[in-house]
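> Residue numbering for the sequence shown follows the numbering used here, beginning at 137 and increasing consecutively. We put the beta carbon where it would ideally sit given N, CA and C, even for glycine. As the structure is a prediction and not an experimental result, all values here were calculated from the model.
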Amino acid sequence: MVALALDLKTRGQRVGVVPTMGALHAGHLSLVRASLAEADETIVSIFVNPTQFAVDEDLDKYPQPFERDLALLSEAGAKYVFAPSASEIYPADCSTTISPPAISKKLEGEFRPTHFGGVATIVLKLFHLTRADLAYFGQKDFQQVLVIERMVEDLNLPLAIRVCPIVREPDGLAMSSRNAYLSPEERKRALTLSRTLDQVEQLIRSGVNDGFEIITEMRQGLIDGGVERIDYAIIANPRTLETLDPIELPAVALIAASVGDTRLIDNRLIT
Ligand code: AMP
């Protein structure tokens, strides 16, 4: 990987990197297309990063349809795929990790306290290994983008982050590799997340600015729609993730909720 990256650099190519955990869908492919359109060369990484999963999470059952992923990437026109093994990335004596920025402690950080440390560490390693000039991330993982942007700034990394919009199924469900876990019945209830975000956006656009009122409606909408557990459902400042009350724009509505055993996240940026 490094030899390839250095070769691309000596030829003056701008390298775009798309970090993924595989089980690719149209959301991932939109990032690949954005990189193909902007960067001179695109490297897609596929690595199910063990350090961002807690022991009780779904690492062992995370889908890994590798051949299918390669076919999708090849169809999309991607030339380079970097798919290292866990032991190459984390040899037994590897012990340095990144302590992620303060913004990682909120929201996801409350429920997955080790998650963003693992994300920041792997993303930094991928940036170095690929000598990335540009890196593409999805707004689907809203807080992850803030964590990575902060790390890039705090550690003076010489690359630019690009954020691509959330790609949804025709009925509104945000695409996610984890949607594959949903039974047909759970798949219907999972729609509650995007529907609730639609309602929140409508309320805010109609002039309601009482944060408490909207969050109460938001939680009720999720419960009525049949989610089993709400980790968080908030309206926040999109830069700081501080709760907004009264609501002012720009605002981001963020949800993490479980349907069956599947934890789903979704968000809506309202500008
Ligand atoms: P993952 O494979 O889940 O680690 O995701 C890899 C990248 O794809 C991350 O930057 C995600 O934010 C992005 N991504 C995942 N789902 C979507 C989606 N529905 N729309 C846009 N980007 C997405």
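#1: Shorter than 7 Å, the distance from the beta carbon of Pro306 to the closest heavy atom of the ligand AMP, or not?
#2: Specify, as a first and last residue, the run of the beta strand (DSSP E) that Thr398 falls within.
#3: With a threshold of 6 Å on Cβ separation, who are the neighbours of Ser171 within its own chain once the five nearest residues in sequence on each side are excluded?
#4: Closer than 7 Å: is that where the CB of Val303 sits relative to any heavy atom of the ligand AMP?
#5: Provide the residue(s) that pair with Thr178 in DSSP beta bridges, ordered along the chain.
#6: What's the call for Glu322, buried or exposed, on a 16-neighbour Cβ count within 10 Å?
#7: Leaving aside the five residues before and after Arg150 along the sequence, list all residues of the same chain whose C-beta is less than 7 Å from its C-beta, in chain order.
#8: Which one of Leu291, Pro237, Asn373 has the shortest CA to CA distance from Phe263?
#9: Do three or more CB pairs link the segment 327-341 to the segment 383-393 at distances below 8 Å?
#10: Output needed for Tyr216: all residues of its chain with C-beta closer than 6 Å, excluding positions within five of it in sequence on either side, in chain order.
#11: Please indicate yes or no: does the CB of Cys300 lie closer than 7 Å to some heavy atom of the ligand AMP?
#12: Ignore the nearest five residues each way along the sequence and tell me which others in Ala316's own chain have a CB closer than 6 Å to its CB.
#13: For the segment 301-308 against the segment 202-217, are there 3 or more C-beta pairs whose distance is under 8 Å?
#14: Three or more beta-carbon pairs under 8 Å between the segment 277-289 and the segment 178-196, yes or no?
#15: When you measure from the CB of Lys276 to every non-hydrogen atom of the ligand AMP, does any distance come out below 7 Å?
#16: Report the three-state DSSP secondary structure of Ala219 (helix, strand or coil).
#17: Within the present structure, is the beta-carbon of Thr266 separated from the nearest heavy atom of the ligand AMP by less than 7 Å?
#18: Report yes if the C-beta of Gly152 is less than 7 Å from at least one heavy atom of the ligand AMP; otherwise report no.
#19: Taking Asp194 as the reference, which of Arg365, His251, Glu224 has the closest Cα?
#20: From Ile351 to Leu329, what distance separates their C-alpha atoms?
#21: Should Leu260 be listed as close to the ligand AMP, given that the test is whether its C-beta is under 7 Å from any heavy atom?
#22: Looking at Thr156 and the ligand AMP, is the gap between the Cβ and the nearest heavy atom below 7 Å?
#23: Following a CB-centred definition, is His251 positioned closer than 7 Å to any heavy atom of the ligand AMP?
#24: Can you give the Cα-Cα distance for Arg325 and Leu318, rounded to whole angstroms?
#25: Going by Cα to Cα distance, which pick from Met137, Thr398, Leu309, Ala214 is closest to Glu224?
#26: Look at the alpha carbon of Val259 and the alpha carbon of Arg375, and state the distance between them as a whole number of angstroms.
Answer, in terms of the structure:
#1: Taking the sequence shown and counting its residues from 1, one reaches residue 306 at position 170. Because no heavy atom of the ligand AMP lies under 7 Å away, the Cβ of Pro306 does not count as near it: no.
#2: Here residue 398 refers to the residue found at position 262 when the sequence shown is read from its first residue. Counting along the chain, Thr398 sits inside the beta strand (DSSP E) bounded by residues 398-406.
#3: As a working mapping, residue 171 is identified with position 35 in the sequence shown. By the criterion of a C-beta distance shorter than 6 Å, Ser171 is surrounded in its chain by Gly152, Val154, Thr178, Tyr272, once the five residues flanking it on both sides are discounted.
#4: In the sequence shown, counting from the first residue as 1, residue 303 sits at position 167. Checking the Cβ of Val303 against the ligand AMP gives yes.
#5: By one-based count along the sequence shown, residue 178 stands at place 42. When DSSP reads this structure, Thr178 sits in a beta bridge with Gly152.
#6: As a working mapping, residue 322 is identified with position 186 in the sequence shown. Buried, because 16 or more other Cβ atoms sit within 10 Å of the Cβ of Glu322.
#7: For the purposes of this step, residue 150 is taken as residue 14 along the sequence shown, with counting starting at 1. These residues qualify, in order along the chain: Ala175, Asp176, Asp269, Leu270.
#8: On the sequence shown, residue 263 is found 127 positions in, with the first residue counted as 1. Of the residues Leu291, Pro237, Asn373, the one whose Cα lies closest to the Cα of Phe263 is Leu291.
#9: The segment 327-341 vs the segment 383-393: in contact.
#10: Locating residue 216 in the sequence shown gives position 80, where the first residue counts as 1. So the list reads Ile179, once near-sequence residues are dropped.
#11: Residue 300 sits at position 164 when you count from the first residue of the sequence shown. Cys300: yes, Cβ under 7 Å from the ligand AMP.
#12: Position 180 of the sequence shown, counted from the start, is the residue given in the question as residue 316. Once the five neighbours on either side are set aside, the close Cβ partners of Ala316 are Pro199.
#13: These segments do not touch.
#14: With the cut-off at 8 Å, the segment 277-289 and the segment 178-196 do not touch.
#15: Working through the sequence shown from its first residue, we reach residue 276 at position 140. Checking the Cβ of Lys276 against the ligand AMP gives yes.
#16: Translated into the one-based positions of the sequence shown, residue 219 becomes position 83. The DSSP-derived three-state label of Ala219 is coil.
#17: Position 130 of the sequence shown, counted from the first residue, corresponds to residue 266. Because no heavy atom of the ligand AMP lies under 7 Å away, the Cβ of Thr266 does not count as near it: no.
#18: To locate residue 152, count along the sequence shown from 1; it is residue 16. Flag unset: Cβ of Gly152 not near the ligand AMP.
#19: Translated into positions along the sequence shown, residue 194 becomes position 58. Of the residues Arg365, His251, Glu224, the one whose Cα lies closest to the Cα of Asp194 is His251.
#20: Walking along the sequence shown from the start, residue 351 turns up at place 215. Walking along the sequence shown from the start, residue 329 turns up at place 193. About 13 Å.
#21: In the sequence shown, residue 260 corresponds to position 124, counting from 1. No; taking the cut-off as 7 Å, the Cβ of Leu260 has no heavy atom of the ligand AMP nearer than that.
#22: What you label residue 156 is simply residue 20 of the sequence shown in a count that begins at 1. Yes, the beta carbon of Thr156 sits closer than 7 Å to at least one heavy atom of the ligand AMP.
#23: As a first step, residue 251 is located in the sequence shown; it is residue number 115 there, counting from the start. Relative to the ligand AMP, even the nearest heavy atom lies 7 Å or more away from the CB of His251.
#24: Here residue 325 is taken as the residue at index 189 of the sequence shown, counted from 1. Here residue 318 is taken as the residue at index 182 of the sequence shown, counted from 1. Distance between the alpha carbons of Arg325 and Leu318: 9 Å.
#25: As a first step, residue 224 is located in the sequence shown; it is residue number 88 there, counting from the start. Among Met137, Thr398, Leu309, Ala214, the Cα nearest to that of Glu224 is on Met137.
#26: Residue 259 sits at position 123 when you count from the first residue of the sequence shown. Residue 375 sits at position 239 when you count from the first residue of the sequence shown. Computed Cα separation, rounded: 20 Å.
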